[in-house]
Amino acid sequence: DEKIAELSGSLKVKSKGGVTQWDIAADFQTKQLASRMIGYYTVNGPTHGTKLNLDYQFYGNPKQNIKIEGLYSERPMSYRHDLYGELSMEFTAYPMYNFYSILRNV
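So, in structure tokens, the structure goes:
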């Protein structure tokens, strides 16, 4: 009886004072890959945010990491619609692809 892949994890939801947060933890493994993702996703009215950290290692290679952070807010008003967003990603394996961006209507 051989395992090809294994996925396990948990998702915990907490709400307090109008803020809801999902705590995320997941592990995924194969013969060639071991990975773990931890982080959270929050909703506070019109604002959504996330912070995720993915650690992974391919067999025979060093451990690597990907960090993802994001924020998005939308506020409709009678005469305009405000949008704001931020996204950043950092890669230890490919630092030339690291970036930080902002979206905002003017």
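The sequence shown begins at 36 in this note's numbering and counts up one residue at a time. C-beta atoms are modelled at their ideal positions from N, C-alpha and C, and glycine is treated no differently.
Proximity test, residue i beta-carbon vs the ligand SAM heavy atom, cut-off 7 Å
| i | result |
| --- | --- |
| D58 | This structure lacks the ligand SAM, and indeed carries no ligand of any kind. |
Beta-carbon gap between residue i and residue j smaller than 8 Å
| i | j | result |
| --- | --- | --- |
| Y91 | A61 | no |
| G105 | L89 | no |
| T85 | Y75 | yes |
| Y107 | G120 | yes |
| A40 | T65 | yes |
Reference residue i; option with closest CA among the options
| i | options | result |
| --- | --- | --- |
| T127 | R139, K98, A40 and Y119 | K98 |
| G80 | R110, G105 and Y94 | R110 |
| I73 | L46, K51, T55 and H83 | L46 |
| Y132 | K49, N140, I103 and R139 | I103 |
Counted within 10 angstroms of its Cβ, other Cβ atoms place residue i as buried (16 or more) or exposed
| i | result |
| --- | --- |
| I101 | buried |
Start and end residues, beta strand (DSSP E) containing residue i
| i | result |
| --- | --- |
| E37 | Where E37 is concerned, there is no enclosing beta strand (DSSP E), given that its DSSP letter is neither H nor E. |
Test: residue i CB closer than 8 Å to a CB of chain B
| i | result |
| --- | --- |
| M124 | Considering every chain present, this structure includes no chain B. It has just one protein chain. |
| request: Scan the stretch 98-136 and note each continuous beta strand (DSSP E) run of 3 residues or more that stays entirely inside, going in chain order. | output: 99-111 and 116-126
| Which ranges does the beta strand (DSSP E) cover as unbroken runs of at least 3 residues, wholly within the stretch 54-101, from first to last along the chain? | 54-65, 68-79 and 82-93
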